[in-house]
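J.: Residue numbers (our numbering): -15 to 191. Just so it is clear, CB atoms sit at the ideal spot from N, CA and C, and this is done for glycine as well. Owing to the predicted nature of the structure, the values given are computational and were not obtained by experimental measurement. One structure is given below, represented as structure tokens, and several questions about it will come after.
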Amino acid sequence: MTKAQSAANRRWIGIALLFALCVSAYVLYDLFFKDKGLPVVMNSPSFSLPDLEGNLVTQDQFDGKVRLMSFIFTRCPDICPATTANMARLQSTLKEKGWFGDKVSFVSVSFDPLNDTPDVLNQYAQRMGIDRSGWTLLRSDDEAPVIDLAKKYGFSIQRMDDGLYAHSVTSLLLIDSEHRVRNIYRMGEEMDNEQILSDIGALLAEQ
-15 MTKAQSAANR RWIGIALLFA LCVSAYVLYD LFFKDKGLPV VMNSPSFSLP DLEGNLVTQD
45 QFDGKVRLMS FIFTRCPDIC PATTANMARL QSTLKEKGWF GDKVSFVSVS FDPLNDTPDV
105 LNQYAQRMGI DRSGWTLLRS DDEAPVIDLA KKYGFSIQRM DDGLYAHSVT SLLLIDSEHR
165 VRNIYRMGEE MDNEQILSDI GALLAEQ
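This is the structure:
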């Protein structure tokens, strides 16, 4: 083997080693350092509940959309109206981005059937600035299916002696386009709208 051939071989070996080193570095980065996005918390359970016009709404109607979902009752003195107000602010921001309705839907489910009639919920929607073109309000004449759905998500809803309800405050759900729960947030004044908006953007980027 000539000196020129030996030098060429060493050069190719060096290139091969450098390539292997780059591949190894990429694999290690992907395994340990690359942002994997939001984890999958659980699969979102299916449901079938009436909207305010009495039409049955199922989870399948939100195929391909990111969904922010809350459980509320309109007689709630603090957490529920604060949550809805924060969601209304998010609604405005999502409209500015062109995401609301087409890419992102909101869903609020009432668990107080005796009080939260369609008329009451319509008035609530108007008062709170809910745009029903991208925000679906659901209710049932019986609290049982709503409470059962909440339990499937791991939330507790309990009717108190005064007719009001105690419920989990960490129960605001972010659900991706494949009906998987990707994050659960605290409701009320402690909602972090910036974090929720960032998470919504991350899920849209996945699609």
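#1: I'd like to check one pair, GLY118 with GLY85: are the Cβ atoms closer than 8 angstroms?
#2: Which two residues bound the contiguous alpha helix (DSSP H) that contains LEU40?
#3: DSSP three-state call for GLN191: helix, strand or coil?
#4: Measuring CB to CB, does GLN75 end up less than 8 angstroms from PHE57?
#5: ARG111: which of LEU148, ALA69, LYS81 and LEU122 sits nearest, CA to CA?
#6: Could you tell me the alpha carbon to alpha carbon distance between PHE31 and GLU80, rounded to whole angstroms?
#7: For the 8 angstroms Cβ check, are there 3 or more pairs between the stretch 151 to 167 and the stretch 26 to 46?
#8: Say whether the stretch 48 to 67 touches the stretch 90 to 99, bearing in mind that this needs 3 or more beta-carbon pairs closer than 8 angstroms, one atom from each stretch.
#9: Can you list, in chain order, the residues of its chain with a C-beta nearer than 8 angstroms to that of ALA186? Leave out the 5 residues immediately preceding and following it.
#10: Under 8 angstroms by Cβ, that's how I've got GLN142 and ALA134 pegged, so tell me the actual separation to the nearest angstrom.
#11: Which term fits SER54, buried or exposed, when burial requires 16 or more other beta carbons within 10 angstroms of its beta carbon?
#12: Would you kindly work out how many angstroms separate the C-alpha atoms of VAL88 and GLY147, rounded to a whole number?
#13: Should PHE16 be labelled buried (16 or more other beta-carbon atoms within 10 Å of its own) or exposed?
#14: For GLU38 and ARG123, I'd like the C-alpha separation in whole angstroms.
#15: On the DSSP letters alone, give me the boundaries of the alpha helix (DSSP H) that ASN70 sits inside.
#16: Assuming the contact rule is C-beta atoms closer than 8 angstroms, MET171 and ILE63 should be a hit. Round their C-beta distance to whole Å, please.
#17: By a C-beta neighbour count over all protein chains shown, 10 Å radius and 16 as the cutoff for buried, is SER92 buried or exposed?
#18: For the beta strand (DSSP E) containing GLN142, list its first residue and its last residue.
#19: Suppose you measure from the CA of ASP228 to the CA of MET71; what does that come to, to the nearest Å?
#20: Please go through the same chain and pick out, in chain order, the residues whose beta-carbon is closer than 8 angstroms to the beta-carbon of LEU40, but skip the five residues on each side of it.
#21: Taking C-alpha atoms, which residue in GLU173, GLU174, GLN191 and TYR169 lies nearest to LEU52?
T.: According to the structure data:
#1: yes
#2: LEU40 -> not in any alpha helix (DSSP H); beta strand (DSSP E) instead, spanning 40 to 42.
#3: coil
#4: no
#5: ALA69
#6: Spanning the two alpha carbons is a distance of roughly 30 angstroms.
#7: Yes, the stretch 151 to 167 is in contact with the stretch 26 to 46.
#8: yes
#9: Excluding sequence neighbours, ALA186 sits near GLY21 and LEU22.
#10: In fact, because the Cβ distance is near 10 angstroms, the residues do not count as touching under 8 angstroms.
#11: It counts as buried.
#12: 34 angstroms
#13: Residue confidence for PHE16 is low, a pLDDT of 47 falling below 50, so the modelled location carries little weight; the figure read from the coordinates is stated next. The residue is exposed, with fewer than 16 neighbouring Cβ atoms inside 10 Å.
#14: Checking the sequence, you will find Gly at residue 38 rather than Glu. Cα to Cα, GLY38 sits roughly 9 angstroms from ARG123.
#15: 63 to 81
#16: 5 angstroms
#17: Buried.
#18: 141 to 143 is the span of the beta strand (DSSP E), which, as asked, contains GLN142.
#19: With the chain running from -15 to 191 in the structure shown, residue 228 is simply not present.
#20: SER32, LEU33 and PRO34
#21: TYR169
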